[in-house]
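So for the sequence shown, this note's numbering puts the first residue at 3; every next one is plus one. Cβ coordinates follow ideal geometry from the N, Cα and C atoms, glycine included. Please read all numbers here as calculations on a predicted model, not as lab measurements. Presented below is the structure to which this report refers.
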Amino acid sequence: MIRRLGDATFYRAESPSQTSMRESEISIDYSQNDEIDRASCNTVIADPWPESPLNQGLVTRGEISETERNLCKKLSLIVDLVADFAGDANKLAESADELLKELRTKIRVYIHFLDVEMVDTEQVLRFNVDRSSICDDRIDWLLHYTKCHKEMRRVLFELSEEVCDDLEACLEQRMRGIPGKKPMPATLRTLAEMQKGMEMAARILGNSPRQRA
3 MIRRLGDATF YRAESPSQTS MRESEISIDY SQNDEIDRAS CNTVIADPWP ESPLNQGLVT
63 RGEISETERN LCKKLSLIVD LVADFAGDAN KLAESADELL KELRTKIRVY IHFLDVEMVD
123 TEQVLRFNVD RSSICDDRID WLLHYTKCHK EMRRVLFELS EEVCDDLEAC LEQRMRGIPG
183 KKPMPATLRT LAEMQKGMEM AARILGNSPR QRA
């Protein structure tokens, strides 16, 4: 929606990509099992998925710190976006068809991109932890950022599965003739808690991990 966060191209302009390249076709199948047959998402994304900013090698604290802060910003952005979207779905003021299209072709694509980036970073963290000993000074900040990273991935998973699945089911039911169907109250509470949690995460990632005595 144009009025949501200002511009219809928001998802492309703010997607987790660093370099602008030619358009590429992104196709994602959201089918979970034989009983849930969601329409596949076929959309053109102006900025295709970039390579991970970190190489699969030893990294410095500054490099991983910057990467985790950037991931935190992107996750906060999509949490706020979904919260805004859920508010629209809850007001029943917009077309369920348009909202469902936005959820499938924009929000879920953004979440998918961010998950791919998080997986890449998690592999880099694991690579570095596996090559550090308990006596290594690096282990403190590596474990600190690993813990933060796992929590962010948990939030993204919950956003993708529980929250977006409920929003999608709600909109599907409205399209099938239940006009007053709204998102579950638990979904709206979860989003509010996520927003508070992301504010806390931003503060934590802004602080340095403890240092050895």
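Practice prompt. Starting from S78, trace the alpha helix (DSSP H) both ways and give me its first and last residue.
Written response: From DSSP, the alpha helix (DSSP H) with S78 extends over 63-93.
Worksheet item: If you draw a straight line from the C-alpha of L158 to the C-alpha of D86, how long is it?
Response: Each residue's alpha carbon lies about 16 Å from the other.
Worksheet item: Are the Cβ atoms of K149 and L116 separated by less than 9 Å?
Response: Against a cut-off of 9 Å, the Cβ pair of L116 and K149 comes out as no contact.
Worksheet item: Mind checking whether L193 and E119 have CB atoms under 9 Å apart?
Response: No.
Worksheet entry | Delimiting residues of the alpha helix (DSSP H) encompassing L161 | Counting along the chain, L161 falls outside any alpha helix (DSSP H), and DSSP gives it neither H nor E.
Fill in: Segment contact, 8 Å Cβ cut-off, at least three pairs: the stretch 161-173 with the stretch 58-66
Taking a contact to require three or more Cβ pairs closer than 8 Å, the stretch 161-173 and the stretch 58-66 do not qualify as touching.
Worksheet item: If we count Cβ pairs, one from each stretch, closer than 8 Å, do we get three or more for the stretch 91-99 versus the stretch 184-202?
Response: Taking a contact to require three or more Cβ pairs closer than 8 Å, the stretch 91-99 and the stretch 184-202 qualify as touching.
Discussion item. Closer than 8 Å is the cut-off here; do at least three beta carbon pairs connect the stretch 107-115 with the stretch 139-154?
Written reply: When C-beta atoms of the stretch 107-115 are compared with those of the stretch 139-154, fewer than three pairs fall below 8 Å, so the two segments do not count as touching.
Practice prompt. Can you tell me which of the three DSSP states M177 falls into?
Written response: Correct three-state label for M177: helix.
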